[in-house]
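**Student:**
Residue numbers (our numbering): 37 to 228.
Structure below.
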């Protein structure tokens, strides 16, 4: 495994560690109904979060890695980002034709600080730089205006509305599909 380690002005993105503290940090995200409101699953219990981290590490060890599920930490929280606890989760899921789906979710306690934009910008750098991808896509619930603003600030274009693409809690919801091509990516300066 070649571990992912990305550094921005305030954040770092790295692989997860399977420790009780990191399980608690992931559970703080995935166990919060407000945080998972726009995610495709209901809030998760701590045991499920522990299983998720185990899966993330297995995916990281794959000979041909196609999934990057990564911990987002604040650089100010520790001298070495490996020692800081995650405040957010970031993901890239590779697809055909040098493409990937991008995702991020932040702890409620850090909303409104610009961390989503920095996280998404770092994922763009990983995708278009190190991974040599051509296209990124992101699905955003139509009610998640904050995430839509993050993506458009980074240069993502709205491709359209996907009707009833998620069924959760007995309710269908629509999503917007956004995309960004490598030649449209303005570069790292936007992510800071």
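Cβ atoms here follow ideal geometry from the backbone N, Cα and C, with glycine treated the same way.
1. Please indicate yes or no: does the CB of residue 128 lie closer than 7 Å to some heavy atom of the ligand FAD?
2. Do residue 93 and residue 140 have their C-beta atoms within less than 8 Å of each other?
3. How far does the alpha helix (DSSP H) with residue 41 in it extend, from its first residue to its last?
4. Smallest Cα separation from residue 153: which of 168, 192, 122, 179?
5. Can you name, in chain order, every residue of its own chain whose Cβ lies under 7 Å from the Cβ of residue 66, other than the five neighbours on each side?
6. Assign residue 42 to buried or exposed, taking buried as 16 or more other Cβ atoms, counted over all protein chains shown, within 10 Å of its Cβ.
7. Would you call residue 83 buried or exposed, if buried means 16 or more other Cβ atoms sit within 10 Å of its Cβ?
8. Mind checking who residue 177 pairs with in its DSSP beta bridge?
9. Can you look up residue 185 in the DSSP assignment and give me helix, strand or coil?
10. Since residue 110 contacts residue 120 with CB under 8 Å, what's their CB separation in whole angstroms?
11. Applying the 10 Å Cβ sphere with the 16-neighbour rule, what's the burial state of residue 144?
12. In or out: residue 227 buried (at least 16 other Cβ within 10 Å) or exposed?
13. Whole-angstrom Cβ separation of residue 211 and residue 198, contact assumed at under 8 Å?
14. At 3 residues or longer, and completely inside the stretch 123-178: list those beta strand (DSSP E) runs for me, N to C.
15. How far does the alpha helix (DSSP H) with residue 202 in it reach, from first residue to last?
16. Does DSSP put residue 82 in a helix, in a strand, or in coil?
17. Closest to residue 125 by CA distance: which of 134, 114, 151, 213 is it?
18. Can you tell me which of 76, 54, 172 puts its alpha carbon nearest to the alpha carbon of residue 205?
19. Do residue 175 and residue 216 have their C-beta atoms within less than 8 Å of each other?
20. Am I right that residue 49 and residue 158 are in contact with their C-beta atoms under 8 Å? What's the rounded C-beta distance?
**Tutor:** Walking through what the data contain:
1. With respect to the ligand FAD, the structure shown offers nothing to examine, as it has no ligands at all.
2. no
3. Unbroken run through residue 41 is the beta strand (DSSP E), 41-43; no alpha helix (DSSP H).
4. 192
5. 72, 79, 80, 85
6. Here residue 42 is buried: its Cβ has 16 or more other Cβ atoms, across all protein chains shown, within 10 Å.
7. Exposed is the call here.
8. 211
9. helix
10. 6 Å
11. exposed
12. The pLDDT assigned to residue 227 is 37, lower than 50, so where the model puts this residue is not dependable; a value taken from the coordinates is nonetheless given after this. The residue is buried, with at least 16 neighbouring Cβ atoms inside 10 Å.
13. 5 Å
14. 124-130, 135-142, 171-177
15. From DSSP, residue 202 is part of no alpha helix (DSSP H) but of the beta strand (DSSP E) over 193-204.
16. helix
17. The shortest Cα separation from residue 125 among 134, 114, 151, 213 belongs to 151.
18. 76
19. no
20. Right, the Cβ-Cβ distance comes to about 5 Å (below 8 Å), so this counts as a contact.
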